[in-house]
Amino acid sequence: MEKQFKPKISVFHCINVFGDGEVLLPPERQDAAVEFIKLPCSSMIKDVFMLRAFEAGADAVMVMVCPEGACRYVEGNLRAKKRVGWVKNLLDEIGLDGRRLGLFNVPSEDAAVVGQIIEQTLSDLADLGPNPAA
Numbered sequence: 212m213e214k215q216f217k218p219k220i221s222v223f224h225c226i227n228v229f230g231d232g233e234v235l236l237p238p239e240r241q242d243a244a245v246e247f248i249k250l251p252c253s254s255m256i257k258d259v260f261m262l263r264a265f266e267a268g269a270d271a272v273m274v275m276v277c278p279e280g281a282c283r284y285v286e287g288n289l290r291a292k293k294r295v296g297w298v299k300n301l302l303d304e305i306g307l308d309g310r311r312l313g314l315f316n317v318p319s320e321d322a323a324v325v326g327q328i329i330e331q332t333l334s335d336l337a338d339l340g341p342n343p344a345a
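Residue numbers (the working numbering): 212 to 345.
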């Protein structure tokens with residue numbers, strides 16, 4: 212009997228965009244495990260944090276940042292964008308598929324947009340399957 216795939220997603224987010232984050236996942240969404248990790252600013256996301264999330268079994272990692280030009284710390288989201296791009300390339304090089312990592316510019320506290328992004332990520336994971344490194 213084949214075990215049903217229950218995707219695990221790690222969401223790194225700026226506390227200036229979403230305070231606790233947990234309110235962003237609809238309670239009826241029981242077919243996925245979503246972990247929200249708060250950062251003081253999206254510029255605090257480090258390559259090693261994203262890679263460790265995959266090492267810990269995440270099937271996808273999402274980095275939610277302020278819209279460009281709206282970062283409280285001026286360039287925080289731009290720094291995050293560069294780091295995510297670098298890790299996406301690394302994931303492609305090692306065979307984990309860079310599509311498992313995404314950076315999303317999200318208006319402050321727009322839970323509807325986050326819900327749509329999570330739904331799209333889950334749809335993408337249906338095609339990608341489980342993390343081969345887990």
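Cβ atoms here follow ideal geometry from the backbone N, Cα and C, with glycine treated the same way.
**OP:** Report the residue from L262, L333, E320 whose alpha carbon sits nearest the alpha carbon of I226.
**Re:** The closest CA to that of I226, considering only L262, L333, E320, is found on E320.
**OP:** In angstroms with no decimal places, state the Cα-to-Cα distance between L315 and L307.
**Re:** The sequence shown places Phe at residue 315, rather than the Leu named in the question. Whole-angstrom Cα-Cα distance: 20 Å.
Subject >> Own chain, CB closer than 7 Å to E213, minus 5 neighbours either side, in chain order >> reply: For E213, the pLDDT reaches just 49, beneath the cut-off of 50, and the residue's location in the model is therefore unreliable, although a value from the coordinates is still provided. Closer than 7 Å at the Cβ level, and outside the excluded window around E213, lies no residue.
Subject >> Which of helix, strand or coil DSSP assigns to G313 >> reply: Strand at G313.
Original post:
Ordered along the chain, which non-local residues of its own chain (more than five positions away) have a Cβ less than 7 Å from that of D242?
Top reply: K217, listed in sequence order.
Subject >> Host alpha helix (DSSP H) of K292 (start-end) >> reply: Per DSSP, K292 belongs to the alpha helix (DSSP H) from 287–304.
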